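Below: one structure, written as structure tokens.
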Amino acid sequence: MKRKVIFDCDPGVDDGVALLLALSAKHEIDLLGVTTVAGNVSAELTARNACVIREIVGRLDVPIFSGCTKPLVRDPIEAGHFHGESGLGDLPIRALTHHVSSEHAVDFLVRTLIDAAPESMSLVITGPMTNVATALQREPRCVKGIKEFVIMGGARSEGGNITASAEYNIYADPHAAQKIFNAGPRVWAFGLDATHQVRATPARTATLSAIGTPIARAAAQLIEFSNALPANGPREYGSPLHDPCPIVWLIQTELFEFIPCHVDVETESPLTLGHTAVEFRPRADREQNVRWAVRANADGVFSLINRVFQI
Ligand code: BDR
Ligand code: CA
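Under our numbering, think of the first position of the sequence shown as 2, with each following residue one higher.
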């Protein structure tokens, strides 16, 4: 049976590729809605960008809800230097025919999760986790509708990418991330340890671009923008394809390997704020509710992306 999915994101170049994929995979996943949040760029821009991506795929049946404009506690920290001024690199920003729904993302999450069958919903989160944490805070009964969280965030072996010890999505709202990791439902966590293995090498990007459909071309253009950023390392390595990993996993789970663990997030220390303390050792007082991705089959990931973008 197809998973029922809500996709919470902050597009964002790699969120943009993930969204192209999620919207294109209509035979593989049942995408009930997209919620956007302030993160890589402002809440206004992430919502607009999700609408731009939706129009490229032509999935106007999937509603988009704009959400929280700032993190639960800390000050906002954007990452426009990685995503361009618009948030979508140099992808042309077309005039929209359809805009976001009038309902706030948190209201949509609460309404949908309260009404959902027990443990029926997969919540994919590829940005700061503010929207979902706010929904759980406002209405704790939401938890019962959640089957699993499928998140991009955190780092263990790889160290951080925004500070020495923190990955951006966790650092941008550490208090929200701590709530999600400890809310109860299973968490499938795709941190930098896995996503740094999924690199858009020039050969892989060229293969994607050669598919030639508008969706594949848009994905290749987003990826090319990331590949050209010196901060992403030498061009021949290719930039890491972070946010598509959770969506790929929903479609083909065997492309990733995981280790069971417990995760806590540092929310106090100015030095290590947003660090994910990933505990692989079983301990009686800590539930091993997280599955931490340690290995990715990068060729398999790109084959899947190419197959889905053939539409
Ligand atoms: C994460 O940070 C964001 O800038 C990307 O969109 C991705 O979700 C990677 O650390
Ligand atoms: Ca993101």
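C-beta: ideal position from N, C-alpha, C; glycine also. All figures in this text were calculated on a predicted structure; none of them were measured in a lab.
| Query | Result |
| --- | --- |
| Run the Cβ filter for me: residues under 7 Å from any heavy atom of ligand 2, listed in the order they occur in the chain. | CYS10, ASP11, GLY13, ASP15, ASP16, GLY40, ASN41, THR127, GLY128, MET153, ASN170, HIS243, ASP244 |
| Report buried or exposed for LEU272, applying the criterion of at least 16 other Cβ atoms within 10 angstroms of its Cβ. | exposed |
| Measuring from the CB of ASN162, is there a heavy atom of ligand 1 at a distance below 7 Å? | yes |
| Indicate whether THR98 and ILE65 have their beta-carbon atoms separated by less than 8 Å. | no |
| Tell me the DSSP secondary structure of CYS246 in three-state form. | helix |
| Is PHE281 buried or exposed, if buried means 16 or more other CB atoms sit within 10 Å of its CB? | exposed |
| Quick one: residues in its chain with C-beta nearer than 7 Å to the C-beta of ILE163, no 5 flanking neighbours on either side, listed in chain order? | TYR169, TYR172 |
| Just to check my reading of the structure: GLN198 and ALA297 have Cβ atoms closer than 8 Å, yes? What is that Cβ distance to the nearest angstrom? | 4 Å |
| Are the beta-carbon atoms of ALA23 and PHE191 separated by less than 8 Å? | no |
| Return yes when the C-beta of GLU79 is under 7 Å from any heavy atom of ligand 3, and no when it is not. | Ligand 3 is absent from the structure shown, which contains only ligand 1 and ligand 2. |
| Which residues mark the beginning and the end of the alpha helix (DSSP H) in which ARG308 is found? | 299-309 |
| Nearest by alpha-carbon distance to ASP62: which of GLU288, GLU225, ASP31, ILE126 is it? | ASP31 |
| By a C-beta neighbour count over all protein chains shown, 10 Å radius and 16 as the cutoff for buried, is SER103 buried or exposed? | exposed |
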